[in-house]
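What follows is one structure encoded as structure tokens, with my remarks underneath.
There are 2 protein chains.
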Amino acid sequence: MKTVIVAALLAILVRAAALAQPGQPPADAKPASSNVPGVPFPGIDSERRAYFRILAPEAKNVSVGLPGGRAATKGADGVWTVTSDPLAPGFHYYSITVDGATVSDPASESYFGTGRMSSGIEVPSPGEDFYLPKDVPHGDIRAHYYFARSTGKIRRCFVYTPPGYDTNLPARYPVLYLQHGMGEDARGWPTQGRVGFILDNLIATGKARPMIVVMADGDITPGAMSGPGRGGGPMFWDKFTQVLIEDIIPMIDATYRTIPDREDRALAGLSLGGTQTMEITQAHLDDFAYIGIFSAPFGFPQIPEGFHGLLGDPAAFARQVKVLFISLGTAEGGMTASGRNFHLALEKAGIKHVYYESQGTAHEWQTWRRSLYHFAPLLFQATQDSNP
Amino acid sequence: MKTVIVAALLAILVRAAALAQPGQPPADAKPASSNVPGVPFPGIDSERRAYFRILAPEAKNVSVGLPGGRAATKGADGVWTVTSDPLAPGFHYYSITVDGATVSDPASESYFGTGRMSSGIEVPSPGEDFYLPKDVPHGDIRAHYYFARSTGKIRRCFVYTPPGYDTNLPARYPVLYLQHGMGEDARGWPTQGRVGFILDNLIATGKARPMIVVMADGDITPGAMSGPGRGGGPMFWDKFTQVLIEDIIPMIDATYRTIPDREDRALAGLSLGGTQTMEITQAHLDDFAYIGIFSAPFGFPQIPEGFHGLLGDPAAFARQVKVLFISLGTAEGGMTASGRNFHLALEKAGIKHVYYESQGTAHEWQTWRRSLYHFAPLLFQATQDSNP
């Protein structure tokens, strides 16, 4: 008991000392796990404040582009100090602006997001470890190159093969196709999204079936969008639909040990990838029986017109679509409202679906990691008994 | 003929126009392939000059950290312009310095090098395409996580499995363990080094045997080096030797379809990874029959004392070591001289080896890409007939 009191007093003193020196991280601050090896800053304390240090001796103005960032102050050593407000748990992009130049922090790992190589900070989430690496069997995340006839170019995708894939050679697996959002690319899910660890952990505890996950470029980065495909039709990613249906799926089925039918194939996506998922599954419902829509920004199908009128026939829809999963973060503002309204309309119309809200998270990766964690266990259960 | 002359005149006029406006790229300049999608700068012209654009309206001083960089000049629009001297072909790290802050360029892909997330620029090499993606069968580069008992931690390595690995299920493959240099990590070879494309192209043309390539963290990043392992013995990467021998090799042999014997196992490395290769193969010659040392910075084994005296018995050495490969770039200064001297000493002592010099390249990735391109075809030829 005495020890506890002493520890509590000590914690208060440490905190007071930290407050007494603005910008000085308290003793409980640790380097962010998103830092490059051996680099102490940015650091994060137990209240999820982030501490940045930027050496810029000649600069007049330095700031960190991050929600809740404060003005940087310059020390005598030319090091600028920024302390953030407490941050939401999970992954946040950030940038540094030095005298008007918005650049990336070489102390942080870089992530392709917001259309550029951005810095990022991983903020721990106490009690939430479903996306952390654990000592369980791990699948592989493969960078796979293929020639797409529909574009005449070599493209890259990422393929998660589950634990046991390389040793249990007779086994075949269902496939989840999982799309990123605007300004990101196929690297988003395996890197920021932690697909490997989420699936490894779900599979190790028997909560999800071993599955293959394919993550392809959705051609919705700003660069891709400014290309000739834009504005040419109702979707500016027309070409991606063709690449997915005509190139990627046949290539995956020919290269990996998949179960190549619609009952063992899912399509899901986040943000604009969720919008793509809706458009592609409505046009190609013969290819997918599972649908996941995470934080879709541009509305939802009409009821009863959507899915070629299938939303007007709940029984027929439920026979065709084994799982329709809609998710949102509660801090997504208008998008949260739009998703809730669609969920309520589905409910009112008696259309079978699963609705999930990520508490306290915005239009960001923690929402989508949690969405995947709740979506993946629902997948491919209809065919569970018929496959190894 | 007329067309040719007009085109030539036009080219001269374009060049003249470019010269008339310092910093303006000529018409033949193209975005670097290392840029993020859709970003025009940095650009590279046909003389391999690089053109940078940095928006920094309030800055007093901007420069680009790159060999042959010139002073940046500020335009009325707040955009700073830098034009480099002609660059050597291949990959170069670069950074941007804005008023004393050395940062990364969000317009460039980021690469872990020099101990941080650095920007990089890929300069084309006319007539040299062995490391470019082609429409040939592609292997996969897998990010593989494993628990290392010798460190008690989960670690990541990258594993190249060759084309056909996933469909030709009875086949087993020899393994090349390939190490990065100081300030880099396991990402160096698959990303900057283009291992996948180099092997894909060599295998497609029958120049190299299909093989597995394993690329692991060598624990020689600055962060790792400042840890408790440093200075504890003759090597500050003691732990890596143990991880490789006791954890990685058994894990790879248990996970992938390898041929698990020394005649089908190679170890190679670049720079400090070359030094590690020498130390590890001398201590564990029962595990490796092929040795590749690319641009080793800290000297070479003594003759005849090296390899436990085996360098004093050329016939015995040649029986044990199927290939000893030494390589250097001709522009590596003292390191070039050191490698040449070792080559000459080996030759004088009658010790079988292969020596390769990369013309005109320094201590950089183009030297090591070429080294791999010349090394890989020599591998596992002694056992070629006995395996599928």
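If you're matching them up, the sequences are chains A and B in order.
Residue numbering for the first sequence follows the numbering used here, starting at 3 and increasing by one per position.
Residue numbering for the second sequence follows the numbering used here, starting at 3 and increasing by one per position.
Even glycine gets a Cβ: it sits at the ideal position worked out from N, Cα and C.
Please read these numbers as outputs of a predicted model, since none were measured by experiment.
Of the residues B:I247, B:I56, B:W367, which one's Cα is nearest the Cα of E186 (chain B)?
Stepping through the second sequence from its first residue, residue 186 (chain B) is reached at position 184. Here the closest residue by C-alpha is B:W367.
query = With 9 Å set as the bound, which would you pick, yes or no: does the beta-carbon of N343 (chain B) sit closer than that to a beta-carbon of chain A?
reply = Here residue 343 (chain B) corresponds to residue number 341 of the second sequence, with the count starting at 1. Not an interface residue.
Answer with yes or no whether the minimum CB distance from M213 (chain B) to chain A is below 9 Å. The residue labelled residue 213 (chain B) in the question sits at position 211 within the second sequence. No, M213 (chain B) does not count as interfacial toward chain A.
Is any beta-carbon of chain B found at less than 9 Å from that of L374 (chain A)?
-> In the first sequence, the residue the question calls residue 374 (chain A) occupies position 372. Not one chain B Cβ lies under 9 Å of L374 (chain A).
Is the shortest distance between the beta-carbon of H355 (chain B) and the beta-carbons of chain A less than 9 Å? Reading the second sequence from its first residue, position 353 is the one you call residue 355 (chain B). It does not; no Cβ of chain A falls within 9 Å.
For Y433 (chain B), collect the residues of the same chain with a Cβ closer than 6 Å to its Cβ; drop the 5 residues on either side in sequence, then sort them by chain order. Here chain B comprises residues numbered 3 to 390, so residue 433 (chain B) is not present and cannot be evaluated.
Would you say Y133 (chain A) faces chain B, with C-beta separation under 9 Å as the test? Translated into the one-based positions of the first sequence, residue 133 (chain A) becomes position 131. False, the Cβ-Cβ gap to chain B never drops below 9 Å.
| Cβ-based neighbour list, L57 (chain A), same chain, cut-off 7 Å, excluding 5 preceding and 5 following | The residue given as residue 57 (chain A) occupies position 55 in the first sequence. So the list reads G80, V81, once near-sequence residues are dropped.
- Inter-residue spacing [alpha-carbon to alpha-carbon] between E49 (chain A) and A333 (chain A): By 1-based counting over the first sequence, the position of residue 49 (chain A) is 47. By 1-based counting over the first sequence, the position of residue 333 (chain A) is 331. For E49 (chain A) and A333 (chain A), the distance between alpha carbons rounds to 20 Å.
Discussion item. Can you pull the chain B neighbours of K76 (chain A), defined as C-beta to C-beta under 8 Å?
Written reply: In the first sequence, residue 76 (chain A) corresponds to position 74, counting from 1. None at all; the shortest Cβ gap to chain B is about 11 Å.
Do the segment 138 to 147 of chain A and the segment 139 to 147 of chain B touch if we need at least three Cβ pairs shorter than 8 Å? yes
- Task: Starting from the N-terminal side, write out each stretch of the alpha helix (DSSP H) that is 4 residues or longer and does not extend beyond the segment 155 to 211 of chain A.
- Result: 190 to 193, 197 to 206
Taking Cβ positions, are G275 (chain B) and G183 (chain B) nearer each other than 9 Å?
-> Counting from one through the second sequence, the residue named residue 275 (chain B) turns up at place 273. Counting from one through the second sequence, the residue named residue 183 (chain B) turns up at place 181. In contact: G275 (chain B) and G183 (chain B) (Cβ atoms closer than 9 Å).
List, in chain order, every chain A residue whose beta-carbon is nearer than 8 Å to that of K32 (chain B).
Walking along the second sequence from the start, residue 32 (chain B) turns up at place 30. Result: empty, since nearest Cβ-Cβ is about 14 Å, beyond 8 Å.
Quiz item: What separation, rounded to the nearest whole angstrom, lies between the Cα atoms of G352 (chain A) and R342 (chain A)?
Solution: For this step, residue 352 (chain A) is matched to residue 350 along the first sequence. For this step, residue 342 (chain A) is matched to residue 340 along the first sequence. Computed Cα separation, rounded: 15 Å.
Next on the checklist: Rounded to the nearest angstrom, what separates R55 (chain A) and Q181 (chain B) at their Cα positions?
Outcome noted: Locating residue 55 (chain A) in the first sequence gives position 53, counting from the first residue. Locating residue 181 (chain B) in the second sequence gives position 179, counting from the first residue. Roughly 32 Å between the two C-alpha positions.
- Task: Count the other C-beta atoms from every protein chain shown that fall within 10 angstroms of the C-beta of S120 (chain A), then say buried if there are 16 or more, exposed otherwise.
- Result: By one-based count along the first sequence, residue 120 (chain A) stands at place 118. So S120 (chain A) counts as buried.
Practice prompt. Find out if the Cβ-Cβ distance for the pair R189 (chain B), F114 (chain B) is shorter than 9 Å.
Written response: For the purposes of this step, residue 189 (chain B) is taken as residue 187 along the second sequence, with counting starting at 1. For the purposes of this step, residue 114 (chain B) is taken as residue 112 along the second sequence, with counting starting at 1. Yes, the Cβ-Cβ distance between R189 (chain B) and F114 (chain B) is below 9 Å.
Chain-ordered neighbours of I143 (chain B) on chain A, where CB pairs are closer than 8 Å | Within the second sequence, the letter at position 141 stands for residue 143 (chain B). Within 8 Å Cβ-Cβ: R144, A145.
By the 9 Å beta-carbon criterion, what residues does the segment 107 to 132 of chain A contribute toward chain B?
D107, P108, A109, S110, E111, S112, Y113, F114, T116, G117, R118, M119, S120, S121
Note to self: Check this for me: beta carbons of I64 (chain B) and V100 (chain B), under 9 Å apart or not?
What the structure shows: Within the second sequence, residue 64 (chain B) is the residue found at index 62, counting from 1. Within the second sequence, residue 100 (chain B) is the residue found at index 98, counting from 1. Here residue 64 (chain B) is Val; the residue named in the question, Ile, does not match the sequence. In contact: V64 (chain B) and V100 (chain B) (Cβ atoms closer than 9 Å).
ask   = Where P91 (chain B) and S127 (chain B) are concerned, what is the direct C-alpha to C-alpha distance, given to the nearest angstrom?
value = Taking the first residue of the second sequence as position 1, residue 91 (chain B) is located at position 89. Taking the first residue of the second sequence as position 1, residue 127 (chain B) is located at position 125. Using only the alpha carbons, I get a separation of about 5 Å.
Residues, ordered as in the chain, of the segment 36 to 60 of chain A that lie near chain B by beta-carbon distance below 7 Å: V38, P39, G40, V41, I56, L57, A58, P59, E60
Q. Rounded to a whole number of angstroms, what is the C-alpha to C-alpha distance between R372 (chain B) and P135 (chain A)?
A. Sequence index remark: in the second sequence, residue 372 (chain B) carries index 370 (1-based). Sequence index remark: in the first sequence, residue 135 (chain A) carries index 133 (1-based). If you take the alpha carbons of R372 (chain B) and P135 (chain A), they lie about 36 Å apart.
Requested in this report: Using only the heavy atoms of the ligand MN, determine whether one of them is closer than 8 Å to the beta carbon of T385 (chain B).
Outcome: Questions concerning the ligand MN fall outside what the structure shown contains, since it holds no ligand whatsoever.
Report task. Say whether chain A places a C-beta atom closer than 9 Å to the C-beta of R264 (chain B). Result -> As a working mapping, residue 264 (chain B) is identified with position 262 in the second sequence. No - not a single Cβ of chain A is within 9 Å of the one on R264 (chain B).
Check: If you check the beta carbons only, do G271 (chain A) and I250 (chain A) fall under 9 Å apart?
Finding: Residue numbering aside, residue 271 (chain A) sits at position 269 when the first sequence is read from its first letter. Residue numbering aside, residue 250 (chain A) sits at position 248 when the first sequence is read from its first letter. No, Cβ-Cβ distance for G271 (chain A) and I250 (chain A) is not below 9 Å.
Contact with chain B by A218 (chain A), beta-carbon distance below 9 Å: Here residue 218 (chain A) is taken as the residue at index 216 of the first sequence, counted from 1. Chain B contact via Cβ: absent.
query = Tell me the DSSP bridge mates of N63 (chain A)?
reply = As a first step, residue 63 (chain A) must be located in the first sequence, where it is residue number 61. Note: N63 (chain A) sits in no beta bridge, so no partner.
Q) Does the Cβ-Cβ distance between A268 (chain B) and Y292 (chain B) come in under 9 Å? A) In the second sequence, residue 268 (chain B) corresponds to position 266, counting from 1. In the second sequence, residue 292 (chain B) corresponds to position 290, counting from 1. It is a contact, given that the beta carbons lie within the stated cut-off.
Cα-Cα separation, T116 (chain B) to S86 (chain B): Counting from 1 along the second sequence, the entry for residue 116 (chain B) is found at position 114. Counting from 1 along the second sequence, the entry for residue 86 (chain B) is found at position 84. Whole-angstrom Cα-Cα distance: 21 Å.
- request: Please decide whether R371 (chain B) counts as near chain A, where near means a Cβ-Cβ distance under 9 Å.
  value: In the second sequence, the residue the question calls residue 371 (chain B) occupies position 369. Cβ-Cβ to chain A under 9 Å: no for R371 (chain B).
- prompt: Thinking C-alpha only, which one of A:A347, A:D288, A:E265, A:R321 is nearest F302 (chain A)?
  reply: Indexing the first sequence from 1 puts residue 302 (chain A) at position 300. Checking every option, the nearest Cα to that of F302 (chain A) belongs to A:A347.
For this session: To the nearest angstrom, report how far apart K350 (chain B) and P379 (chain B) are at their CA atoms.
Result: Position 348 of the second sequence, counting from 1, holds the residue named residue 350 (chain B). Position 377 of the second sequence, counting from 1, holds the residue named residue 379 (chain B). Their Cα atoms are separated by approximately 25 Å.
*With a cut-off of 9 Å, does the C-beta of L178 (chain A) fall near any C-beta of chain B?*
Residue numbering aside, residue 178 (chain A) sits at position 176 when the first sequence is read from its first letter. L178 (chain A) does not count as touching chain B.
Residues in its own chain within less than 6 Å of I305 (chain A) by CB, not counting five upstream and five downstream?
Translated into positions along the first sequence, residue 305 (chain A) becomes position 303. The answer, listed in chain order, is L313, A347, A351.
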